[in-house]
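Engineer: Number 48 in UniProt numbering belongs to position 48 of the sequence shown; there are no gaps in the numbering.
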Amino acid sequence: MKLFKTYIGEKENMRLFLSKYEEQLTYEAPTSKPKGRVPKNERFCRFCQKKSPDVTFKNEPHIIPELLGKNFGVSDFECDLCNEYYGKFETDFAYYLGLLRSFYFVKGKGNVPTFKSPNESLIARMETLQSGTKGMGITDFTSEGFDINIETGRTTITYIKHSYTPIKVFKCLLKIALSILPFSDFRFYGEILHFMSNDENHEYYVQFAKVWSYETNVRRIKPACYIFRRRNNVDDVPKHVFMLYFENMIYEFFIPRYALDEALYITREFSSYYCPPILLDEPGEINTYGSSIIDFTTTELLQKEKGSIAYQLDPGHFSTAQMIDPLTKEKSPFIPSAIRKITLFQIDENFDKEAFENGEGF
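See below:
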């Protein structure tokens, strides 16, 4: 049995999960253009079951949406009509993620996206300082968006998300899962594919739109997907479990309605097992993570949902913190409630730490 690294408190849960499931595949989008692709006039769309020339294959459908980062992971099995239809779900997913992509400097098709809350009470955009350093400036226009706790070192940014439809977010995630499945397995998911491919949103299928989520203290710079497959077909567990890793977030769910599991869904009760966070390195002493179940079963537009992002600093930094007037460079005592703008920087070889600490170039 292959074991995965995880948090110390999750090792027993990992062993339990792996007693029921085995890793079937891991997918990371390639960093260069793939070679040996299927010619467009020979392609077959796995989603609508049509082939060229009945449908066209002019677009480049991404297996992992580029809203999670620019990548070269494109498929040869999704026609233009299906690509257009499923692409609409990506907008809802982006609105659900809210500030997250800007916060982590995620470059999609173009630059790092600007985030504006619906009433523009909070705006996050890339900006270049006088020193030439680029940062993400997050401005709060309400005096309620920042909660800076100098005793714990934790800063929480709260904002309002754009309106989105939760079931469409689930369909976007489900689309990724069905895209990376081998066709030998995909062909047994025709029933859930029908649900995903139309707007009826039958109540029976909507009930499966609940996603186990982890928020961790470990970032995945590149999005990654895992598919786990049931070890023993006599076990009363769903056939496949899917995981998506994006920055510090993990989204996990079982793919419902595998055709050969008809009895499992109709005549028997089944159990759900979830995989704990998979770490690429051994966890350190600080194991900060949380889990929750996200309910995406709502089929109506969700409006004015609050979102939040938090980050941690050493509380000791605040004991010597000062405020610097950007015009006069005059320094004064640090007052958390007076902060209206936070600028985030990526620490790389171009970052001038000394100039930053002296307030130069702002």
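Beta carbons: idealized from backbone N, C-alpha and C, even for Gly.
Whose C-alpha, out of R101, T142 and N201, is nearest the C-alpha of I339?
Structural biologist: Measuring from the Cα of I339, the nearest candidate turns out to be T142.
Engineer: Determine the direct distance from the alpha carbon of D199 to that of E300, and round the result to whole angstroms.
Structural biologist: The straight-line gap from Cα to Cα measures roughly 12 Å.
Engineer: What residues match up with R230 in a beta bridge as DSSP calls it?
Structural biologist: Answer is Y21.
Engineer: Select from Q346, L25, Y245 and K58 the residue whose C-alpha is nearest the C-alpha of P182.
Structural biologist: Closest by alpha carbon: L25.
Engineer: Which value, in whole angstroms, describes the spacing of the CA atoms of L264 and V234?
Structural biologist: The alpha-carbon atoms of L264 and V234 are separated by roughly 10 Å.
Engineer: From V241 to F57, what distance separates their C-alpha atoms?
Structural biologist: Roughly 30 Å between the two C-alpha positions.
Engineer: Which word fits R268, buried or exposed, when buried means at least 16 other C-beta atoms lie within 10 angstroms of its C-beta?
Structural biologist: The residue is exposed, with fewer than 16 neighbouring Cβ atoms inside 10 Å.
Engineer: Buried or exposed, going by whether 16 or more other CB atoms sit within 10 Å of the CB of S163?
Structural biologist: That one is exposed.
Engineer: Under 9 Å, do Y205 and S291 count as touching if we go by C-beta distance?
Structural biologist: In this structure, S291 does not lie closer than 9 Å to Y205 by Cβ.
Engineer: Helix, strand or coil, according to DSSP, for I167 in the structure here?
Structural biologist: Note: I167 maps to helix in three-state DSSP.
Engineer: Please determine, among A94, D54, N217 and E330, the residue with the shortest C-alpha to C-alpha distance to F170.
Structural biologist: Measuring from the Cα of F170, the nearest candidate turns out to be A94.
Engineer: Report the partner residues of Y74 according to the DSSP bridge assignment.
Structural biologist: This sequence places Val at residue 74; Tyr is not what is there. Partner(s): H62.
Engineer: Should I138 go down as buried or exposed, given a rule of 16 or more other Cβ atoms within 10 Å for buried?
Structural biologist: Buried is the call here.
Engineer: Which of helix, strand or coil does DSSP assign to P276?
Structural biologist: Three-state result, P276: coil.
Engineer: Can you have a look at M196 and say buried or exposed, based on whether 16 or more other CB atoms are within 10 angstroms of its CB?
Structural biologist: M196 is buried by the Cβ-count criterion.
Engineer: For Y205, list the residues DSSP reports as bridge partners.
Structural biologist: Partner(s): none; Y205 has no beta bridge.
Engineer: Go ahead and pull the three-state DSSP assignment for N248.
Structural biologist: Here N248 sits in strand by DSSP.
Engineer: Which one of E282, I255, L280 and E262 has the shortest CA to CA distance from Y274?
Structural biologist: Residue I255 is the option with its Cα nearest to Y274.
Engineer: Please state whether DSSP places G290 in a helix, a strand or coil.
Structural biologist: Note: G290 maps to strand in three-state DSSP.
Engineer: Using three-state DSSP, classify K88 as helix, strand or coil.
Structural biologist: Here K88 sits in helix by DSSP.
Engineer: Tell me where the beta strand (DSSP E) around G137 begins and ends.
Structural biologist: Here the beta strand (DSSP E) through G137 covers K134 to D140.
Engineer: In chain order, what residues of the same chain lie with their CB nearer than 6 Å to the CB of Y226, ignoring the 5 residues before and after it?
Structural biologist: T26 and M243.
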